[in-house]
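Everything below concerns the one structure shown next.
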Amino acid sequence: MNPQELKSILSAGLLSFPVTDFNAQGDFNRAGYIKRLEWLAPYGASALFAAGGTGEFFSLAASEYSEIIKTAVDTCATSVPILAGVGGSTRQAIEYAQEAERLGAKGLLLLPHYLTEASQDGVAAHVEAVCKSVNIGVVVYNRNVCRLNAPLLERLAERCPNLIGYKDGLGDIELMVSIRRRLGDRFSYLGGLPTAEVYAAAYKALGVPVYSSAVFNFIPKTAMDFYHAIAREDHATVGKIIDDFFLPYLDIRNRKAGYAVSIVKAGAKIAGYDAGPVRAPLTDLTGEEYDMLAALIDKQGAQ
(Lines of atoms letter the chains of each structure in order from A and count residues from 1; the text may use other names and numbers.)
(Lines give C-alpha, C1' and ligand atoms only; values in the text may rest on other atoms or scores of the structure.)
Protein backbone atom coordinates (compact mmCIF):
# COMPACT_ATOMS: atom_id res chain seq x y z
CA MET A 1 0.00 0.00 0.00
CA ASN A 2 1.56 3.28 -1.08
CA PRO A 3 1.16 6.46 0.99
CA GLN A 4 -1.55 7.92 -1.23
CA GLU A 5 -3.62 4.74 -0.98
CA LEU A 6 -3.32 4.93 2.79
CA LYS A 7 -4.32 8.60 2.74
CA SER A 8 -7.49 7.67 0.87
CA ILE A 9 -8.36 5.02 3.47
CA LEU A 10 -7.77 7.41 6.37
CA SER A 11 -9.94 10.11 4.82
CA ALA A 12 -13.18 8.25 5.50
CA GLY A 13 -14.49 5.95 8.19
CA LEU A 14 -13.84 5.43 11.88
CA LEU A 15 -10.33 4.77 13.19
CA SER A 16 -9.40 3.08 16.46
CA PHE A 17 -6.49 2.28 18.73
CA PRO A 18 -6.62 -1.16 20.34
CA VAL A 19 -5.32 -1.42 23.87
CA THR A 20 -2.25 -3.60 24.36
CA ASP A 21 -2.86 -6.81 26.30
CA PHE A 22 -0.74 -7.52 29.37
CA ASN A 23 -0.96 -10.50 31.70
CA ALA A 24 -1.20 -10.28 35.49
CA GLN A 25 2.58 -9.84 35.68
CA GLY A 26 2.45 -6.96 33.21
CA ASP A 27 4.04 -8.83 30.29
CA PHE A 28 2.67 -8.73 26.74
CA ASN A 29 -0.15 -11.23 26.29
CA ARG A 30 -0.01 -12.21 22.63
CA ALA A 31 -2.97 -14.60 22.72
CA GLY A 32 -5.20 -11.98 24.33
CA TYR A 33 -4.12 -9.36 21.78
CA ILE A 34 -4.93 -11.68 18.87
CA LYS A 35 -8.36 -12.40 20.35
CA ARG A 36 -8.98 -8.66 20.72
CA LEU A 37 -8.00 -7.83 17.16
CA GLU A 38 -10.07 -10.68 15.76
CA TRP A 39 -13.08 -9.36 17.70
CA LEU A 40 -12.68 -5.72 16.65
CA ALA A 41 -11.63 -6.07 13.00
CA PRO A 42 -15.06 -7.06 11.56
CA TYR A 43 -16.91 -4.07 13.07
CA GLY A 44 -15.90 -1.79 10.23
CA ALA A 45 -13.11 0.51 11.39
CA SER A 46 -11.13 1.83 8.40
CA ALA A 47 -7.78 1.23 10.13
CA LEU A 48 -6.39 0.17 13.49
CA PHE A 49 -3.37 1.77 15.15
CA ALA A 50 -1.18 -0.70 17.05
CA ALA A 51 0.97 0.51 19.94
CA GLY A 52 -0.50 4.00 19.90
CA GLY A 53 -1.26 6.15 22.93
CA THR A 54 -4.20 4.00 24.01
CA GLY A 55 -1.94 1.01 23.34
CA GLU A 56 0.55 2.36 25.92
CA PHE A 57 3.41 2.90 23.46
CA PHE A 58 5.16 4.98 26.10
CA SER A 59 5.54 1.92 28.35
CA LEU A 60 6.81 -0.62 25.82
CA ALA A 61 10.29 -2.09 25.49
CA ALA A 62 11.71 -2.27 21.97
CA SER A 63 11.49 -6.08 21.91
CA GLU A 64 7.83 -5.96 22.94
CA TYR A 65 7.10 -3.35 20.31
CA SER A 66 8.29 -5.64 17.53
CA GLU A 67 6.14 -8.50 18.76
CA ILE A 68 3.08 -6.30 19.12
CA ILE A 69 3.35 -4.83 15.62
CA LYS A 70 4.04 -8.21 14.03
CA THR A 71 1.08 -9.74 15.86
CA ALA A 72 -1.24 -6.96 14.73
CA VAL A 73 -0.05 -7.09 11.11
CA ASP A 74 -0.31 -10.87 10.91
CA THR A 75 -3.70 -11.04 12.62
CA CYS A 76 -5.30 -8.31 10.48
CA ALA A 77 -3.54 -9.07 7.19
CA THR A 78 -6.79 -9.75 5.32
CA SER A 79 -9.18 -7.54 7.26
CA VAL A 80 -7.98 -4.03 8.15
CA PRO A 81 -4.78 -1.96 7.67
CA ILE A 82 -2.46 -1.59 10.65
CA LEU A 83 -0.62 1.62 11.40
CA ALA A 84 2.08 1.59 14.06
CA GLY A 85 2.74 4.19 16.71
CA VAL A 86 6.32 5.50 16.78
CA GLY A 87 7.96 8.06 19.03
CA GLY A 88 10.71 8.92 21.48
CA SER A 89 13.88 10.69 20.45
CA THR A 90 14.49 11.19 16.74
CA ARG A 91 16.85 8.22 16.48
CA GLN A 92 14.53 6.02 18.51
CA ALA A 93 11.55 7.06 16.41
CA ILE A 94 13.48 6.22 13.24
CA GLU A 95 14.36 2.78 14.60
CA TYR A 96 10.73 2.11 15.50
CA ALA A 97 9.56 3.43 12.13
CA GLN A 98 11.92 1.23 10.15
CA GLU A 99 11.04 -1.79 12.27
CA ALA A 100 7.32 -1.22 11.75
CA GLU A 101 7.85 -0.89 8.01
CA ARG A 102 9.91 -4.10 7.97
CA LEU A 103 7.15 -5.94 9.81
CA GLY A 104 4.52 -4.89 7.29
CA ALA A 105 2.71 -1.95 8.90
CA LYS A 106 0.89 0.10 6.27
CA GLY A 107 1.71 3.41 7.90
CA LEU A 108 2.91 5.22 11.02
CA LEU A 109 1.47 7.55 13.63
CA LEU A 110 4.32 9.80 14.74
CA LEU A 111 3.71 10.56 18.41
CA PRO A 112 5.17 13.65 20.11
CA HIS A 113 8.89 13.50 20.86
CA TYR A 114 10.07 12.74 24.34
CA LEU A 115 10.27 15.18 27.28
CA THR A 116 12.16 18.23 26.10
CA GLU A 117 10.64 21.41 24.75
CA ALA A 118 11.77 22.34 21.26
CA SER A 119 11.40 25.12 18.73
CA GLN A 120 8.99 24.79 15.81
CA ASP A 121 11.96 24.33 13.48
CA GLY A 122 13.37 21.60 15.71
CA VAL A 123 10.10 19.70 15.81
CA ALA A 124 9.79 20.01 12.03
CA ALA A 125 13.32 18.61 11.61
CA HIS A 126 12.35 15.67 13.84
CA VAL A 127 9.25 14.94 11.75
CA GLU A 128 11.16 15.27 8.49
CA ALA A 129 13.91 12.88 9.63
CA VAL A 130 11.38 10.19 10.55
CA CYS A 131 9.42 10.61 7.31
CA LYS A 132 12.57 10.32 5.20
CA SER A 133 13.64 7.15 6.99
CA VAL A 134 10.74 5.10 5.55
CA ASN A 135 8.65 4.72 2.41
CA ILE A 136 5.27 4.13 4.05
CA GLY A 137 2.79 6.85 4.91
CA VAL A 138 3.17 8.94 8.07
CA VAL A 139 0.55 10.76 10.14
CA VAL A 140 1.92 13.43 12.50
CA TYR A 141 0.18 13.87 15.86
CA ASN A 142 0.00 17.52 16.91
CA ARG A 143 -0.25 17.19 20.68
CA ASN A 144 1.60 18.25 23.81
CA VAL A 145 5.16 19.29 22.85
CA CYS A 146 4.49 18.79 19.12
CA ARG A 147 2.71 21.99 18.02
CA LEU A 148 3.43 22.47 14.35
CA ASN A 149 1.83 25.49 12.70
CA ALA A 150 0.43 25.78 9.18
CA PRO A 151 3.55 27.23 7.47
CA LEU A 152 5.78 24.50 8.87
CA LEU A 153 3.32 21.76 7.94
CA GLU A 154 3.23 23.20 4.42
CA ARG A 155 7.04 23.05 4.30
CA LEU A 156 7.01 19.46 5.56
CA ALA A 157 4.37 18.55 2.97
CA GLU A 158 6.69 19.80 0.23
CA ARG A 159 9.73 17.96 1.56
CA CYS A 160 8.05 14.72 2.64
CA PRO A 161 5.69 13.19 0.05
CA ASN A 162 4.91 10.32 2.45
CA LEU A 163 3.62 12.69 5.17
CA ILE A 164 -0.02 12.11 4.36
CA GLY A 165 -1.92 12.80 7.57
CA TYR A 166 -2.40 15.30 10.35
CA LYS A 167 -3.98 14.27 13.64
CA ASP A 168 -5.06 17.04 16.00
CA GLY A 169 -4.84 16.46 19.74
CA LEU A 170 -4.65 20.11 20.77
CA GLY A 171 -8.18 21.37 20.29
CA ASP A 172 -6.93 24.76 19.13
CA ILE A 173 -9.70 25.66 16.69
CA GLU A 174 -7.90 28.70 15.25
CA LEU A 175 -4.84 26.56 14.51
CA MET A 176 -6.96 23.75 13.07
CA VAL A 177 -8.79 26.15 10.74
CA SER A 178 -5.53 27.73 9.57
CA ILE A 179 -4.01 24.31 8.81
CA ARG A 180 -7.11 23.00 7.05
CA ARG A 181 -7.46 26.14 4.92
CA ARG A 182 -3.77 26.38 4.03
CA LEU A 183 -3.10 22.69 3.30
CA GLY A 184 -6.45 21.83 1.71
CA ASP A 185 -6.60 18.23 0.55
CA ARG A 186 -2.85 17.65 0.89
CA PHE A 187 -3.44 15.75 4.16
CA SER A 188 -5.97 13.40 5.59
CA TYR A 189 -7.17 15.16 8.76
CA LEU A 190 -8.00 13.21 11.90
CA GLY A 191 -9.63 14.34 15.13
CA GLY A 192 -7.48 13.05 17.97
CA LEU A 193 -8.58 14.62 21.24
CA PRO A 194 -9.24 12.18 24.10
CA THR A 195 -12.78 10.80 23.77
CA ALA A 196 -12.94 12.36 20.32
CA GLU A 197 -16.66 11.68 19.93
CA VAL A 198 -17.46 14.68 22.14
CA TYR A 199 -15.77 16.95 19.58
CA ALA A 200 -16.77 15.03 16.45
CA ALA A 201 -19.64 17.27 15.30
CA ALA A 202 -17.57 20.44 15.72
CA TYR A 203 -14.60 18.96 13.86
CA LYS A 204 -16.82 17.73 11.04
CA ALA A 205 -18.01 21.32 10.59
CA LEU A 206 -14.34 22.34 10.27
CA GLY A 207 -13.81 19.84 7.45
CA VAL A 208 -12.40 17.08 9.66
CA PRO A 209 -14.98 14.28 9.51
CA VAL A 210 -12.68 11.43 10.60
CA TYR A 211 -11.64 10.74 14.18
CA SER A 212 -10.14 8.00 16.31
CA SER A 213 -12.35 6.22 18.80
CA ALA A 214 -11.00 4.75 22.02
CA VAL A 215 -14.39 3.42 23.15
CA PHE A 216 -14.43 1.22 20.03
CA ASN A 217 -12.31 -1.05 22.26
CA PHE A 218 -15.32 -2.07 24.33
CA ILE A 219 -18.54 -0.78 22.71
CA PRO A 220 -17.68 -1.15 19.01
CA LYS A 221 -21.29 -1.25 17.82
CA THR A 222 -22.18 1.94 19.70
CA ALA A 223 -18.97 3.59 18.46
CA MET A 224 -19.90 2.78 14.85
CA ASP A 225 -23.52 3.87 15.37
CA PHE A 226 -22.27 7.20 16.69
CA TYR A 227 -19.86 7.66 13.79
CA HIS A 228 -22.60 7.00 11.24
CA ALA A 229 -24.92 9.41 13.07
CA ILE A 230 -22.24 12.10 12.87
CA ALA A 231 -21.71 11.38 9.16
CA ARG A 232 -25.39 11.74 8.29
CA GLU A 233 -25.84 14.67 10.70
CA ASP A 234 -28.43 12.81 12.74
CA HIS A 235 -28.34 15.29 15.59
CA ALA A 236 -30.99 13.50 17.65
CA THR A 237 -29.00 10.25 17.78
CA VAL A 238 -25.73 12.08 18.39
CA GLY A 239 -27.25 14.03 21.27
CA LYS A 240 -28.83 10.94 22.81
CA ILE A 241 -25.59 8.93 22.82
CA ILE A 242 -23.64 11.89 24.21
CA ASP A 243 -26.18 12.34 27.00
CA ASP A 244 -26.66 8.65 27.77
CA PHE A 245 -23.06 7.54 27.52
CA PHE A 246 -20.31 10.05 26.81
CA LEU A 247 -21.05 12.71 29.41
CA PRO A 248 -21.27 10.25 32.34
CA TYR A 249 -18.26 8.45 30.87
CA LEU A 250 -16.28 11.70 30.98
CA ASP A 251 -17.24 12.16 34.62
CA ILE A 252 -15.33 8.94 35.40
CA ARG A 253 -12.47 9.57 32.96
CA ASN A 254 -11.74 13.02 34.36
CA ARG A 255 -11.25 11.83 37.93
CA LYS A 256 -7.51 11.22 37.48
CA ALA A 257 -4.80 12.10 35.00
CA GLY A 258 -4.10 9.16 32.71
CA TYR A 259 -7.57 7.69 33.02
CA ALA A 260 -8.14 8.23 29.29
CA VAL A 261 -6.22 4.97 28.86
CA SER A 262 -7.14 3.28 32.14
CA ILE A 263 -10.88 3.60 31.57
CA VAL A 264 -10.57 1.99 28.14
CA LYS A 265 -8.76 -1.01 29.61
CA ALA A 266 -11.45 -1.27 32.27
CA GLY A 267 -14.10 -1.15 29.57
CA ALA A 268 -12.38 -3.93 27.63
CA LYS A 269 -12.42 -6.12 30.73
CA ILE A 270 -16.11 -5.43 31.31
CA ALA A 271 -16.81 -6.36 27.68
CA GLY A 272 -15.20 -9.77 28.22
CA TYR A 273 -11.83 -8.99 26.63
CA ASP A 274 -9.62 -8.39 29.64
CA ALA A 275 -6.39 -6.65 28.57
CA GLY A 276 -4.80 -6.78 32.00
CA PRO A 277 -3.62 -3.82 34.06
CA VAL A 278 -2.18 -0.57 32.81
CA ARG A 279 1.54 -0.07 33.35
CA ALA A 280 3.08 2.57 35.59
CA PRO A 281 2.96 5.53 35.62
CA LEU A 282 -0.74 4.98 34.84
CA THR A 283 -3.12 3.63 37.48
CA ASP A 284 -6.19 1.45 37.10
CA LEU A 285 -9.71 2.53 38.00
CA THR A 286 -10.87 1.97 41.58
CA GLY A 287 -13.45 -0.71 42.29
CA GLU A 288 -16.17 1.91 42.63
CA GLU A 289 -15.25 3.54 39.33
CA TYR A 290 -15.13 0.14 37.62
CA ASP A 291 -18.66 -0.64 38.81
CA MET A 292 -19.89 2.76 37.61
CA LEU A 293 -18.42 2.10 34.18
CA ALA A 294 -19.90 -1.42 34.08
CA ALA A 295 -23.39 -0.05 34.74
CA LEU A 296 -22.91 2.57 32.03
CA ILE A 297 -21.74 0.00 29.46
CA ASP A 298 -24.61 -2.33 30.31
CA LYS A 299 -27.07 0.42 29.34
CA GLN A 300 -25.65 0.42 25.81
CA GLY A 301 -26.96 -3.05 25.11
CA ALA A 302 -25.40 -5.95 23.22
CA GLN A 303 -22.42 -5.13 21.05
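The sequence shown begins at 1 in UniProt numbering and counts up one residue at a time.
All residues carry an ideal CB built from backbone N, CA and C; glycine is no exception.
{"Check": "With C-beta atoms as the reference, is Leu-109 less than 8 angstroms away from Gly-88?", "Outcome": "no"}
{"Check": "Cβ atoms of Val-139 and Leu-190: under 8 angstroms apart, would you say?", "Outcome": "yes"}
{"Check": "Which whole-angstrom value describes the C-beta separation of Val-264 and Val-19, a residue pair presumed to lie in contact below a C-beta threshold of 8 angstroms?", "Outcome": "6 angstroms"}
{"Check": "For the putative contact between Ala-45 and Leu-10, defined by C-beta atoms under 8 angstroms, what is the C-beta separation to the nearest angstrom?", "Outcome": "Not quite, the Cβ-Cβ distance comes to about 11 angstroms (not below 8 angstroms), so this is no contact."}
{"Check": "In whole angstroms, give me the CA-to-CA distance for Pro-81 and Arg-255.", "Outcome": "34 angstroms"}
{"Check": "Short of 7 angstroms in beta carbon distance, which residues of its chain neighbour Glu-117, apart from the five on each side in sequence? Order them along the chain.", "Outcome": "Val-145"}
{"Check": "Evaluate contact between the region 243 to 252 and the region 45 to 64, counting only Cβ atoms and requiring at least three cross-stretch pairs below 8 angstroms.", "Outcome": "no"}
{"Check": "Count the other CB atoms, across all protein chains shown, that sit within 10 Å of the CB of Ser-119; report buried if there are 16 or more and exposed otherwise.", "Outcome": "exposed"}
{"Check": "If you draw a straight line from the C-alpha of Tyr-65 to the C-alpha of Phe-57, how long is it?", "Outcome": "8 angstroms"}
{"Check": "Mark Thr-71 as exposed unless 16 or more other C-beta atoms lie within 10 angstroms of its C-beta, in which case mark it buried.", "Outcome": "buried"}
{"Check": "I'd like the span of the alpha helix (DSSP H) that includes Ile-136, first residue to last.", "Outcome": "Element bounds for Ile-136: n/a, residue is neither H nor E."}
{"Check": "Can you tell me which of the three DSSP states Ala-93 falls into?", "Outcome": "helix"}
{"Check": "Starting from the C-beta of Gln-300, find all residues in its chain whose C-beta is less than 7 angstroms away, skip the five residues before and the five after it, and write them out in chain order.", "Outcome": "Ile-219, Thr-222 and Phe-245"}
{"Check": "Quick check on DSSP: helix, strand or coil for Phe-216?", "Outcome": "helix"}
{"Check": "Would you be able to state if there are at least three C-beta pairs under 8 angstroms between the region 90 to 104 and the region 130 to 137?", "Outcome": "yes"}
{"Check": "Quick check: the Cα distance between Asp-168 and Gly-258, rounded to an integer number of angstroms?", "Outcome": "18 angstroms"}
{"Check": "Tell me, which residues are paired with Leu-83 by DSSP?", "Outcome": "Phe-49 and Gly-107"}
{"Check": "For Gly-267, collect the residues of the same chain with a Cβ closer than 8 angstroms to its Cβ; drop the 5 residues on either side in sequence, then sort them by chain order.", "Outcome": "Val-215, Asn-217, Phe-218, Ile-219, Leu-293 and Ile-297"}
{"Check": "Alpha carbons only, please: which of Asp-172, Gly-104 and Asn-23 is nearest the one belonging to Tyr-203?", "Outcome": "Asp-172"}
{"Check": "Assuming Gly-239 contacts Asn-29 under a Cβ cut-off of 8 angstroms, what Cβ separation, rounded to an integer in Å, is found between them?", "Outcome": "Incorrect: roughly 38 angstroms between the Cβ atoms, too far for contact."}
{"Check": "How would you write the range of the alpha helix (DSSP H) that Tyr-290 sits in, first residue to last?", "Outcome": "287 to 298"}
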